[in-house]
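Engineer:
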Amino acid sequence: MKIRRQEKRRKEYERHLLLEEVARQATLINDQTVLKAVKNDSYDGPFPEQWENGDTYNSIFPDRLLIISIAGINFKRGLSNCLGDFNGVILPDPKNDYDPNAIKIKNSDNKELGYIPENLTQKVRDFTGHPDVENDKKWRHRISGHISDHYDWNY
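No gaps in the numbering here: position 42 of the sequence shown is 42 in the working numbering, and each next residue is one more.
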């Protein structure tokens with residue numbers, strides 16, 4: 001009997017954590033319908049899955065929200081100088097010494113934060129509508145993000 005109660009509490013807690021993540025993602029894209037459903041405990045849509053690092057979730061709004069790591073952030077600026085919410089841009093960096101397909105991330109002060117990890121550049125290019133590197137023109141996309149101290153070193 002005690003084990004069943006503990007299991008029930010654990011499942012309730014896991015659901016609570018997932019609903020918090022759903023609300024966080026809905027807030028980022030200003031989806032009031034989902035926020036209202038979470039608040040009223042009537043949300044029955046998709047739940048995000050955790051990445052292998054256990055700290056980050058996949059987007060439940062794949063056509064509107066992309067969740068990624070930032071490569072090189074510790075090297076470029078020092079992670080502790082970048083924590084929190086930020087607005088900025090992503091733009092191609094064809095003159096990058098290591099990867100001509102690189103996509104740079106800058107904050108609103110035009111300071112470089114880092115890069116989209118190499119294994120995710122095509123996903124980001126497809127998401128932004130700029131899949132073809134050969135036809136790269138100087139495109140920029142405004143982004144909003146949040147940088148936490150939980151990140152995966154094993155891109």
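Here a beta-carbon is modelled for each residue, glycine too, at the ideal position from N, C-alpha and C.
Please report how far the alpha carbon of residue 59 lies from the alpha carbon of residue 104, in whole angstroms.
Structural biologist: Here the question's residue 59 lines up with position 59 in the sequence shown. Here the question's residue 104 lines up with position 104 in the sequence shown. Their Cα atoms are separated by approximately 21 Å.
Engineer: State the Cα-Cα distance for the pair residue 28 and residue 11, rounded to the nearest angstrom.
Structural biologist: The residue you call residue 28 lines up with position 28 of the sequence shown. The residue you call residue 11 lines up with position 11 of the sequence shown. Answer to the nearest angstrom: the Cα atoms are 26 Å apart.
Engineer: Can you name the start and end residues of the alpha helix (DSSP H) that residue 127 belongs to?
Structural biologist: Position 127 of the sequence shown, counted from the first residue, corresponds to residue 127. Residues 121 to 128.
Engineer: Taking Cβ positions, are residue 90 and residue 133 nearer each other than 8 Å?
Structural biologist: Position 90 of the sequence shown holds residue 90. Position 133 of the sequence shown holds residue 133. 8 Å or more divides the Cβ of residue 90 from the Cβ of residue 133.
Engineer: Between the beta-carbon of residue 48 and the beta-carbon of residue 20, is there less than 8 Å?
Structural biologist: For the purposes of this step, residue 48 is identified with residue 48 of the sequence shown, where counting begins at 1. For the purposes of this step, residue 20 is identified with residue 20 of the sequence shown, where counting begins at 1. No, Cβ-Cβ distance for residue 48 and residue 20 is not below 8 Å.
Engineer: With a 10 Å radius around its C-beta and 16 neighbouring C-beta atoms as the bar for buried, classify residue 17 as buried or exposed.
Structural biologist: Looking up residue 17 in the sequence shown gives position 17. Taking all protein chains in view, the Cβ of residue 17 is surrounded by fewer than 16 other Cβ atoms within 10 Å, so the residue is classified as exposed.
Engineer: With DSSP as the reference, please indicate the residues paired to residue 86 in a beta bridge.
Structural biologist: Counted from its first residue, the sequence shown places residue 86 at position 86. Looking at the DSSP output, residue 86 sits in a beta bridge with 145.
Engineer: Roughly how many angstroms separate the alpha carbons of residue 144 and residue 57, rounded to a whole number?
Structural biologist: If you number the sequence shown from 1, residue 144 lands on position 144. If you number the sequence shown from 1, residue 57 lands on position 57. Residue 57 has its alpha-carbon roughly 17 Å from the corresponding atom of residue 144.
Engineer: Could you spell out where the beta strand (DSSP E) holding residue 111 opens and where it closes?
Structural biologist: If you number the sequence shown from 1, residue 111 lands on position 111. No beta strand (DSSP E) contains residue 111, which DSSP labels as neither H nor E.
Engineer: Taking the CB atoms as reference points, tell me whether residue 107 and residue 86 lie closer together than 8 Å.
Structural biologist: Stepping through the sequence shown from its first residue, residue 107 is reached at position 107. Stepping through the sequence shown from its first residue, residue 86 is reached at position 86. Going by C-beta atoms, residue 107 is nearer than 8 Å to residue 86.
Engineer: For residue 2, collect the residues of the same chain with a Cβ closer than 6 Å to its Cβ; drop the 5 residues on either side in sequence, then sort them by chain order.
Structural biologist: Here residue 2 is taken as the residue at index 2 of the sequence shown, counted from 1. None.
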